[in-house]
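Okay, so here's the structure we're looking at.
Number of protein chains: 2
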Amino acid sequence: MLSKSATDVRLRKALGANGQRFTEQRGAVFRYLAQTDVHPTAEEVFLAVRQRLPAISLGTVYKSLETLVGCGLAVKLTYGDHSARYDGRTDPHHHARCVSCEKVLDLPGELLTGEIDSLRETAGTFTVTGYRLELSGYCPECVPTKDLLVTA
Amino acid sequence: MLSKSATDVRLRKALGANGQRFTEQRGAVFRYLAQTDVHPTAEEVFLAVRQRLPAISLGTVYKSLETLVGCGLAVKLTYGDHSARYDGRTDPHHHARCVSCEKVLDLPGELLTGEIDSLRETAGTFTVTGYRLELSGYCPECVPTKDLLVTA
DNA sequence: GTATCTGCAAATTTTTTGCCAGTAG
DNA sequence: CTACTGGCAAAAAATTTGCAGATAC
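Residue numbers (my numbering), protein chains in the order written: chain V, 35 to 186; chain H, 35 to 186.
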């Protein structure tokens, strides 16, 4: 994990490149995203960041998250039924989502780079700029018994 | 495309297996989903189905779609910013989403079955039950010029 | 006949927006 | 200085829910 100042430097640089300003709020949101691996919702980011910055509002968290996404410092993920989640890791990797507790785990990425390239060809006239791969299933804590798996 | 009656038979069978009843509304929603390839939102399904069944309500469309998903006759997809979309194709295939017009196109599937199996191993103690792969980019109608691609 | 379903409207949930005061550069 | 931002609260958008009457089986 990067130190606070290194994280801030990265943020300032990315914000500057996009004509945006560094603020304490954006710094706190980014610092939280960069050091967690739980892929939090906007609400969860709000609750966490509020402990350090009690005056921050949920609206500001939404605005800050969108700013980070716009600067390429975070990725916005959406899943089946619930609210959007944000991922501070921008290097290529995949996700595994637990259909029971909705937790999202990271998987080692780049495994499919070659396969994606061949799929890109099958896409024909579609211009591919990115992709997303996600496994679904049960995390270790939520694995149901065999019986439940069959009947459910 | 299946005839209306064959589609209905499939629906009745799936509903019955799940202890649910066949209704005109569910039939109309499923028939529409089964014959389109546009991955409509609930609202779009509502507008389309209402032409045949003017009295149907948006709430009923939401309920019907969830019922279909529960019976395995449709898949619910969610994307970056907008509302959920429903896919009546249940055979394995992938999607390509246009980041400009938000259209969702189908891609030939099963190309990655083997790769997913190896990824499954890297998932460790996570029990994989399914996966989703989606390319993002520009559809033929929305491809920006090279200049725009560089600066945007 | 009776449990399930529909239509309607109200309620929830999630996210966005407008506005004025505050602040970064 | 003077845009760009944050806080607040209202609004919008998407989806869910409760209930009384209608309907499938």
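The beta-carbon is built from N, C-alpha and C at its ideal position, and this holds for glycine as well.
From a predicted model like this one, the values you see are computed outputs, not experimental measurements.
Problem - Inter-residue spacing [alpha-carbon to alpha-carbon] between V43/V and R65/V - result: Sequence index remark: in the first sequence, residue 43/V carries index 9 (1-based). Sequence index remark: in the first sequence, residue 65/V carries index 31 (1-based). Approximately 11 Å, taken between the alpha carbons.
Problem - chain H contact residues for V177/V, given Cβ-Cβ distances below 7 Å - result: In the first sequence, counting from the first residue as 1, residue 177/V sits at position 143. Those within 7 Å of V177/V in chain H are T161.
Problem - Three-state secondary structure assigned by DSSP to L182/H - result: Translated into the one-based positions of the second sequence, residue 182/H becomes position 148. With a pLDDT of only 45 at L182/H, under 50, the local geometry of the prediction cannot be trusted, and the value read off the model is given with reservation. Three-state DSSP puts L182/H in a helix.
Practice task
Drop a sphere of 10 angstroms on the beta-carbon of G164/V, count the other beta-carbons inside from all chains shown, and report buried for 16 or more, exposed for fewer.
Solution key: Locating residue 164/V in the first sequence gives position 130, where the first residue counts as 1. G164/V is exposed by the Cβ-count criterion.
Problem - Identity of the residue in A48/V, P142/V, Q54/V, T94/V nearest G158/H by Cα - result: As a working mapping, residue 158/H is identified with position 124 in the second sequence. With distances taken between Cα atoms, G158/H lies closest to P142/V.
Problem - CB contact check: E58/H to chain V, cutoff 9 Å - result: Here residue 58/H refers to the residue found at position 24 when the second sequence is read from its first residue. Taking 9 Å as the threshold, the shortest C-beta distance from E58/H to chain V does not fall below it.
Practice task
Check the DSSP bridge columns for H128/V and list the partner residues they point to.
Solution key: As a working mapping, residue 128/V is identified with position 94 in the first sequence. Paired residue(s): L141/V.
Handout entry: Local conformation of L99/H per DSSP, three classes
Key = Position 65 of the second sequence holds residue 99/H. Reduced to three states, the DSSP call for L99/H is helix.
Handout entry: Three-state class that DSSP yields for I90/V in the structure shown
Key = As a first step, residue 90/V must be located in the first sequence, where it is residue number 56. Three-state result, I90/V: coil.
Handout entry: Backbone secondary structure at V72/H - three-state DSSP
Key = By 1-based counting over the second sequence, the position of residue 72/H is 38. Residue state, collapsed to three classes: coil.
Problem - DSSP-derived helix/strand/coil call for T112/V - result: For the purposes of this step, residue 112/V is taken as residue 78 along the first sequence, with counting starting at 1. Here T112/V sits in coil by DSSP.
Problem - Spatial neighbours of A62/H in its chain, beta-carbon cut-off 6 Å, leaving aside the 5 residues before and after - result: Translated into positions along the second sequence, residue 62/H becomes position 28. Listed in chain order, the non-local C-beta contacts of A62/H below 6 Å within the same chain comprise V83, R86, L87, local neighbours out to five positions each way being set aside.
Problem - Residue-level contact to chain V via CB, G164/H, 9 Å cutoff - result: Taking the second sequence and counting its residues from 1, one reaches residue 164/H at position 130. At least one chain V Cβ lies under 9 Å of G164/H.
Problem - Residue range of the beta strand (DSSP E) that includes S170/V - result: Taking the first residue of the first sequence as 1, we reach residue 170/V at position 136. Taken as a continuous stretch (DSSP letters only), the beta strand (DSSP E) holding S170/V covers 161 to 172.
Practice task
Answer with yes or no whether the minimum CB distance from V79/V to chain H is below 9 Å.
Solution key: In the first sequence, counting from the first residue as 1, residue 79/V sits at position 45. So, not an interface residue.
Practice task
List the endpoints of the continuous beta strand (DSSP E) containing R123/V.
Solution key: As a first step, residue 123/V is located in the first sequence; it is residue number 89 there, counting from the start. Here R123/V belongs to no beta strand (DSSP E), and DSSP marks it neither H nor E.
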